[in-house]
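Input: a single structure, listed below in structure tokens.
As structure tokens, this is what we get:
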């Protein structure tokens with residue numbers, strides 16, 4: 021049997037949304053085209069720890085309701101593991117919290133987004149450096165992606181390359197190494213999940229001055245961003 025793909029689970033959807041749409045790890049596995057037997061999910065926020073990075077073909081890091089800046093013990097231990105994995109040339113793809121945690125692990129700065137809370141479907145613009153990139157070069161100059169976050173990357177790591185930006189975030193996609201990428205957007209989320217999230221938390225968004233219903237009406241399919249997970253495995257997963 022080939023080595024599994026690791027999903028580092030840093031948090032999860034609330035039980036109501038999870039029952040209807042699956043948890044974060046399940047959604048990533050589905051979007052990446054993986055069956056259960058090809059995956060190992062390690063729930064780090066509940067105290068589980070991954071094995072040696074050499075044990076995995078590739079790694080995905082999920083989003084989370086937690087905040088990287090809280091520097092919880094499980095999060096800091098995971099950041100240390102990510103540094104070790106990078107030294108061992110492990111292919112990794114971080115999403116939302118995973119994007120921020122990789123940035124934190126490699127010496128960048130994470131904090132609350134000065135532009136405010138981001139939610140719904142927004143357009144991401146690729147930078148010129150994407151054109152020659154094996155993974156990201158297939159993307160159009162602008163494409164839709166789903167976003168649900170309060171914190172973002174304020175300063176990328178010293179050796180990182182910023183590959184794309186969004187209206188509320190100049191560091192929306194980062195290439196950390198030749199086989200380590202991260203996105204603030206969620207390639208794994210379906211439009212149905214995003215709409216359900218916005219409906220569920222409508223009162224909280226209203227308290228932030230955000231009209232969740234108006235955002236729901238703008239939610240759309242995101243085929244370009246979703247396709248990145250399968251393409252990442254095809255290009256970078258160890259065989």
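Numbering (the working numbering), first residue to last: 21 to 259. Quick reminder that beta carbons are idealized off the backbone N, C-alpha and C, glycines included. All of these numbers come straight from a predicted model, not from anything done at the bench.
Just to confirm, is the Cβ distance from residue i to residue j under 7 Å?
i           : j           : result
residue 164 : residue 89  : no
residue 62  : residue 68  : yes
residue 141 : residue 245 : no
residue 29  : residue 87  : no
Buried or exposed for residue i, please, with buried defined as at least 16 other CB atoms from any protein chain shown within 10 angstroms of its CB.
i           : result
residue 265 : Nothing can be reported for residue 265, as the shown portion of the chain is limited to 21 through 259.
residue 84  : buried
residue 108 : exposed
residue 208 : buried
residue 91  : exposed
residue 122 : buried
residue 233 : exposed
residue 139 : buried
residue 202 : buried
residue 227 : exposed
residue 229 : exposed
residue 39  : exposed
residue 189 : buried
residue 180 : buried
Kindly indicate which residue of the options has the alpha-carbon position closest to the one of residue i.
i           : options            : result
residue 169 : 154, 116, 186      : 116
residue 205 : 248, 76, 176, 238  : 248
residue 131 : 176, 104, 194      : 176
residue 174 : 24, 136, 157, 215  : 136
residue 127 : 100, 253, 139, 138 : 100
residue 65  : 75, 22, 95, 58     : 95
residue 36  : 229, 246, 220      : 220
residue 31  : 51, 98, 238, 59    : 98
residue 250 : 28, 129, 23, 49    : 49
residue 150 : 124, 182, 166, 172 : 182
residue 118 : 38, 200, 77        : 200
residue 59  : 27, 231, 38        : 27
residue 157 : 180, 259, 252, 71  : 252
Give me, in chain order, the residues of the same chain whose beta-carbon lies closer than 6 Å to that of residue i; leave out the 5 immediate sequence neighbours on both sides.
i           : result
residue 192 : 144, 184, 185, 186, 204
residue 213 : 41
residue 236 : 215, 218
If you drop the 5 nearest sequence neighbours on each side, which residues of the same chain put their C-beta closer than 7 Å to that of residue i?
i           : result
residue 161 : 145, 146
With a CB to CB cut of under 8 Å and the five nearest residues on each side skipped, what residues in its chain are close to residue i?
i           : result
residue 73  : 79, 101, 104, 105, 108, 110
residue 124 : 88, 99, 130
residue 259 : 22, 77
From residue i to residue j, what distance separates their C-alpha atoms?
i           : j           : result
residue 46  : residue 53  : 11 Å
residue 197 : residue 211 : 30 Å
residue 25  : residue 195 : 20 Å
residue 256 : residue 134 : 34 Å
residue 82  : residue 112 : 11 Å
residue 152 : residue 178 : 21 Å
residue 21  : residue 75  : 12 Å
residue 44  : residue 51  : 11 Å
residue 238 : residue 148 : 27 Å
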